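Following: one structure in structure tokens, then a few remarks.
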Amino acid sequence: MVKGSSAKRQMVGQLYNNLLKMLGRFSEEINVRKFSDKIEVVTPIEFVVEVRQLLLDTPGIEQVLEALQFDKMNTLDEIKVKVGEVTHERIAGKTFVVRAKRSGTHDFRSTQLEQTVGGYMLATYPSNGVDLHNPEVTIRIELLNNQLNIITTKHVGLSGFPLGTQGDILSLMSGGFDSTVASYLTMKRGLKTHFIFFNLGGVAHEIGVKQVALYLWQKFGSSHKVKFVSVPFDDVLTEIFASTHETY
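Take a look at the structure:
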């Protein structure tokens, strides 16, 4: 968690710009909005799977909350009915609790929202009752002015720092396990990772290493352009062998 307000603004701003670049490749219909403590991505249903995976592979995202969004939710009655319609199957035979976040101007508090929705669901749908401390199901809702978000799924993200916030680094690639994992970890830490390869094994080896670097970049770092530098080392190696005594 980033505590400093200026550092937090920088992180959120960089992550927002990174997502704009990457999500724009899917569709112009995907809308990205920046808030002080979160980034909201609204996507057409046909891109949900691809967008979800991209978010889960993006450095700097701690968690991804999938939500259904409804506009013009102006009263507690409208909200409780909509939440019940969407989530009632989840509480069948289980204990539950409703947790709400609210921002904007309303004539009710967040606790009133939780109580109203929870009471309606308890009275209307079969369940094992409300448990405020150790519920089997937590119904999470967010109300922004008259826009209702019902959280349907929570995913654990990659965490780390947004790519581009920690500078550049050069990763020595061999194509093996260690250099691949090291490159992934530097990208996760927000470092713009360039690749360098000392070619000792010919064209086939170089192609294999390039494929590994390309996979890492496409999956974790495609918000930024990076360089892949291949250094031909065959002649150097030949000269070393020719100039070195056999005892070495």
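Residues 396 to 643, numbered by the working numbering, are exactly what the sequence shown covers, in order.
Idealized CB from N, CA, C, for every residue including glycine.
The model shown is predicted, which means the values in this text are computed figures rather than measured ones.
Backbone secondary structure at residue i - three-state DSSP
{"i": "D563", "result": "strand"}
{"i": "K622", "result": "coil"}
{"i": "N412", "result": "helix"}
{"i": "S574", "result": "helix"}
{"i": "R485", "result": "helix"}
{"i": "S422", "result": "coil"}
{"i": "E641", "result": "coil"}
{"i": "T470", "result": "coil"}
{"i": "K429", "result": "strand"}
{"i": "E445", "result": "helix"}
{"i": "E634", "result": "helix"}
{"i": "T519", "result": "helix"}
{"i": "F615", "result": "helix"}
{"i": "H600", "result": "helix"}
{"i": "Q582", "result": "Note that residue 582 corresponds to Met in the displayed sequence, not to Gln. Note: M582 maps to helix in three-state DSSP."}
{"i": "M417", "result": "helix"}
{"i": "S569", "result": "coil"}
8 Å contact criterion, which residue i and residue j should meet: CB distance rounded
{"i": "S554", "j": "S566", "result": "Contact flag wrong, Cβ pair sits at about 20 Å."}
{"i": "I425", "j": "T438", "result": "5 Å"}
{"i": "F623", "j": "A608", "result": "6 Å"}
{"i": "A538", "j": "V525", "result": "According to the sequence displayed, residue 538 carries Leu and not Ala. The pair is not a contact, with the Cβ atoms about 20 Å apart (cut-off 8 Å)."}
{"i": "G499", "j": "N469", "result": "Going by Cβ atoms, the distance from G499 to N469 rounds to 11 Å, so no, they are not a contact pair."}
{"i": "K549", "j": "Q458", "result": "6 Å"}
{"i": "S618", "j": "M417", "result": "5 Å"}
{"i": "R485", "j": "V551", "result": "Going by Cβ atoms, the distance from R485 to V551 rounds to 20 Å, so no, they are not a contact pair."}
{"i": "N523", "j": "G488", "result": "6 Å"}
For residue i, the residue or residues it bridges with in DSSP
{"i": "A402", "result": "In DSSP, A402 forms no bridge with anything."}
{"i": "S554", "result": "I456"}
{"i": "S380", "result": "Residue 380 cannot be examined here, being either before or after the span of the chain that is shown, 396 to 643."}
{"i": "L463", "result": "I545"}
{"i": "T533", "result": "V492"}
{"i": "E435", "result": "R428"}
{"i": "K587", "result": "D563"}
{"i": "V478", "result": "V478 is not bridged to any residue."}
{"i": "V525", "result": "F491"}
{"i": "F592", "result": "S625"}
Same chain only: Cβ atoms within 6 Å of residue i, ignoring 5 sequence neighbours per side
{"i": "D466", "result": "Q542"}
{"i": "F512", "result": "Per the sequence shown, the amino acid found at residue 512 is Val instead of Phe. Excluding positions up to five away in sequence, the list reads K475, V478, V493."}
{"i": "V436", "result": "V427"}
{"i": "H589", "result": "L565, V621, K622"}
{"i": "K496", "result": "E537"}
Spatial neighbours of residue i in its chain, beta-carbon cut-off 7 Å, leaving aside the 5 residues before and after
{"i": "S422", "result": "P439, F442"}
{"i": "T462", "result": "For the sequence presented, residue 462 should be read as Ala rather than Thr. So the qualifying residues of the chain are N544, I545, I546, T547."}
{"i": "L527", "result": "V492"}
{"i": "P454", "result": "L553, G555, F556, P557, L558, M582, K583, G585, F615"}
{"i": "Q561", "result": "R584, G585, L586"}
8 Å CB neighbourhood of residue i in its chain, flanking five on each side removed
{"i": "G408", "result": "K429"}
{"i": "G597", "result": "D629"}
Residue-chain proximity (residue i, chain D), Cβ-Cβ < 9 Å
{"i": "R485", "result": "No chain D is part of this structure, which consists of one protein chain only."}
Check: residue i C-beta below 8 Å from any heavy atom of the ligand GTP
{"i": "R485", "result": "Of the ligands one can find in the structure shown there are none, so the ligand GTP has no counterpart to examine."}
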